[in-house]
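Structure first, commentary second.
In my numbering, the protein residues as written are 3 to 263.
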């Protein structure tokens, strides 16, 4: 590990510790100090005491019913996007190692490819991308308490994504299956599940998780993050006041991003 990498890791650890201390002081008595599971390692913001489990019951989230009801229309829209030339990740083997960034760095080996066609990221809607899929955006905008990322995740056949942890335990991730060939899987913690077309999975991506597609066809899911259900509006304001909102500079679709608030 080089000196710059070590310095960055130390700064991240200090930031996490600082946020955790502030959070404990602000919420003392409201959240029990449940020990964190060893496989849960959020790498940016860690809030102590939040109820933690790898998989959550989709039926306990009211928005899931409406999202699943819209899945056929969303799937048709995604197919039109693909036919128009979008949602086609570059094969990882065609990208020189020095030019890989973001999610590409998580791909194991030189098989397959992975892309997230982002519609929303940390408070920003990517308006040029949203204009291409109005049905999907309308369904997502109806979901309360959006956080983190919303987008269409495309995993090419033959892709394996290394085990990794998400940024924060303050949010949960929902996947709506759109086109799911056989041979696909998602492991969170010690439990593996797979997607079903038209159905949602909800998991805590601050737990170590990995993904694969062993078929020869792409897998498509609609991905969205929502805040942890135990957090109230005051908690969200507190989190927002201590979070940075990065602006994407690597994709032209980010150029006309606008604030949601």
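C-beta atoms are modelled at their ideal positions from N, C-alpha and C, and glycine is treated no differently. No experiment lies behind these values; they were computed from the predicted model shown.
- Under the 8 Å Cβ criterion, the region 111-118 counts as touching the region 84-101, having at least three qualifying pairs.
- Beta-bridge pairing by DSSP links residue 138 to no other residue.
- Taking a C-beta distance under 7 Å as the contact criterion, residue 204 and residue 186 do not qualify as a contact pair.
- Assigned with DSSP and collapsed to three states, residue 201 falls in coil, not helix or strand.
- For residue 122, the closest alpha carbon among the candidates 227, 243, 236 is that of 227.
- Put simply, the backbone Cα of residue 182 is about 22 Å away from that of residue 191.
- In the structure shown, residue 48 adopts coil according to DSSP, grouped into three states.
- Looking at the DSSP output, residue 227 bridges to 149, 175.
- When the Cα atoms are used, residue 49 and residue 235 turn out to be separated by approximately 15 Å.
- Residue 163: member of the beta strand (DSSP E) spanning 161-166, first to last residue.
- Under the criterion of beta carbons closer than 8 Å, residue 202 and residue 178 qualify as touching, at roughly 5 Å.
- In the three-state scheme derived from DSSP, where H, G and I count as helix and E and B as strand, residue 83 is classed as helix.
- For residue 186, DSSP records a beta bridge to 215.
- For residue 42, DSSP records a beta bridge to 209.
- Put simply, the region 159-169 touches the region 209-217. At least three CB pairs are less than 8 Å apart.
- With distances taken between CA atoms, residue 131 lies nearest to 79 out of 79, 57, 103.
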